[in-house]
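Residue numbers (the numbering used here), protein chains in the order written: chain A, 2 to 487; chain B, 6 to 101.
Cβ coordinates follow ideal geometry from the N, Cα and C atoms, glycine included.
None of the values given here were measured: they were computed from a predicted structure.
Everything on this sheet refers to the single structure shown next.
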């Protein structure tokens, strides 16, 4: 394997989150609904229908370009890409060709050596998505044009990716950024985010790139990695056995775990691009680009570094808290609120990453749900009850979970269920005497000098009080009882 | 410009058309004649003319991102040659 170098470039297609489609006023909100419920004369390509550019889609494409360090072009044009297939009723797709809206950017990923690595972005262009075909065994196809005309960005990387693992991390990083700035839902199952790859291998001693093969139909991060691992091995095997690589398009077959050549004759590429006559060029002033720059939020990498610097978080905690912008916002809001009760950022992080993420994970929910499941006020309330000694740590976790599940404020849960910490010495002394009477073995060990045996007895008191006893008081009381009885 | 039969066949494939041998030859002759006619434009000196794709002088014509109601699906489908399950029905282009 190490005798060969791998070169990968990714083409990512991302639907832009707008209310209406790219070139007409059809709704983009069709997911989960009936087919062909979001159609217009434009998305059906009816004769004479004229496209009109959705301004928000252009703004969001430029915003995305800035987020991935591209130059936003002050002059860009749309082009017709001609091909005959029923997913495109016009016989051509409106796209961009030689003058895309954004060019020449980069994002940073973690390289295979664990060090940051910069992956170049060739271009970002805007186009319209196609309809969806359902193939029937009887030789016909059914077409749903809901997706036809959805605003779509194609983001093309430079061939800077050196392994299938890096390809996966690049795609993950891009998704994180797209979702962070709110331009894409990140939903790969619904096809809102898709990925094709170009991959080649060459002997380490060879300068020129090997022949590249295009891989399609990878619908998850795992599929991207698996398909590329397979394809790299396949190409090396071909070269090792004295063969040569054919430039072709191959589809990833998830079930069989292999890539399969698609018949090239049927995919003859002769797109005959030319400038779209129905759409005048996009020409912007620098001030327009500056307005997009002003819309750009603090990006995940910058925020992660700031969390480490400002809040003394570990790299791992900061990474987890900045995976998703809603969680990062939640964290910072909670950190601010926690100041009033002397809660530290580390406390807040522990609650979110410990209990919060555990519960979200248990119910298979997106981390964006944290704020609705557990409003910041409720988190602060639990932390406050714990800090004031009104509840024990064990009870605090129970209350957090109950509040997360039923939405009740924590202090109300504590009051209704009588969970207040028991620090009353007399009440605990009674319990301590019972525990001592019922556990002669541990008592005996303790008295013969094994002082750690007291932990077991404290545990018995905690159990008897369902976690409500103040463990410190319980211990003191136990020690007093054991020492006087002796 | 003389087109070859191979070039005509390539075009029929891109256009998803099937032509007989006679039609293929007729198209070859007619398309060649059309190209010859258009080639007259090559005689004009355009060295001082920038490439022009637009003549309106307009730029950045855009609309607000607002939604209007969809066309009524059933009425649209009723005007199509064939439909099923709320979708347009066509012959499969590829048998894959």
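Nearest CB-CB separation between residue 32 (chain B) and chain A: not below the 8 Å threshold.
With a threshold of 8 Å between beta carbons, residue 26 (chain A) makes contact with chain B. Taking 8 Å as the CB threshold, residue 19 (chain B) lines the interface with chain A. Looking at the backbone, the Cα of residue 469 (chain A) and that of residue 174 (chain A) are separated by about 44 Å. The beta carbon of residue 379 (chain A) sits no closer than 8 Å to any beta carbon of chain B.
Assignment of residue 406 (chain A) by DSSP, reduced to helix, strand and coil, places it in the helix class.
For residue 108 (chain A), the enclosing beta strand (DSSP E) covers residues 103-111. DSSP lists A:54 as the beta-bridge partner residues of residue 67 (chain B). Not one beta carbon of chain B lies nearer than 8 Å to the beta carbon of residue 126 (chain A). Annotation: the stretch 229-264 of chain A contains no complete segment of the alpha helix (DSSP H) (minimum length 4 residues).
For the stretch 2-20 of chain A, the residues whose beta carbon sits under 7 Å from a beta carbon of chain B are, in order, 19, 20. The beta carbon of residue 140 (chain A) falls within 8 Å of a beta carbon belonging to chain B, placing the residue at that interface.
Exposure of residue 43 (chain B) is indicated by the presence of fewer than 16 other C-beta atoms within 10 angstroms of its C-beta. Taking every protein chain shown into account, the CB of residue 231 (chain A) has 16 or more other CB atoms within 10 angstroms, so this residue is buried.
Taking a contact as a CB-CB distance under 8 Å, the pair residue 66 (chain B) and residue 281 (chain A) counts as one, their CB atoms being some 5 Å apart. Look at residue 331 (chain A) here: in three-state DSSP terms it is helix. By the beta-carbon neighbour count (other beta carbons within 10 angstroms, threshold 16), residue 63 (chain B) is exposed. DSSP places residue 82 (chain A) within a strand segment (E or B) once states are collapsed to three. Only those residues of the stretch 271-286 of chain A whose C-beta falls short of 9 Å from the nearest C-beta of chain B are listed: 271, 273, 275, 276, 277, 278, 280, 281, 282, 283, 284, 285. Taken atom to atom, the span from the alpha-carbon of residue 334 (chain A) to that of residue 70 (chain A) is near 28 Å.
Close partners of residue 51 (chain A) in chain B (Cβ separation under 9 Å) are lacking, with about 10 Å as the shortest Cβ gap. Every beta strand (DSSP E) of 3 residues or more that sits fully in the stretch 136-174 of chain A is shown, in chain order, as 141-145, 152-158.
Taking CB atoms only, residue 143 (chain A) has a neighbour in chain B less than 8 Å away. Think of a sphere of 8 Å around the beta carbon of residue 54 (chain B): no beta carbon from chain A falls inside it, the nearest being about 15 Å out.
When only Cα atoms are considered, residue 104 (chain A) and residue 160 (chain A) end up about 15 Å apart. In this model, residue 96 (chain B) and residue 90 (chain A) are separated by some 14 Å (Cα to Cα). Proximity of residue 220 (chain A) to chain B, defined by a Cβ-Cβ separation below 8 Å, is not satisfied. Within 9 Å of the CB of residue 35 (chain A), the CB atoms of chain B belong to 78, 91, in sequence order along the chain.
About 14 Å separates the CB atoms of residue 426 (chain A) and residue 466 (chain A); that is not less than 8 Å, and the two are not in contact. Among the CB atoms of chain A, none fall inside 8 Å of the CB of residue 28 (chain B). Against chain A, the beta carbon of residue 73 (chain B) has neighbours under 9 Å at 21, 25, 26, 27, 28, 41, listed in chain order.
Straight-line spacing of the CA atoms in residue 68 (chain A) and residue 222 (chain A) works out to 21 Å. With distances taken between CA atoms, residue 293 (chain A) lies nearest to A:58 out of A:58, A:302, A:436. One thing to note: residue 344 (chain A) has its Cβ within 8 Å of the Cβ of residue 388 (chain A). The residues 386, 400, 415, 420, 421, 422, in chain order, have a CB closer than 7 Å to that of residue 392 (chain A) in the same chain once the five nearest residues on each side in sequence are set aside. Counting only the Cα atoms, residue 92 (chain A) lies some 26 Å from residue 214 (chain A).
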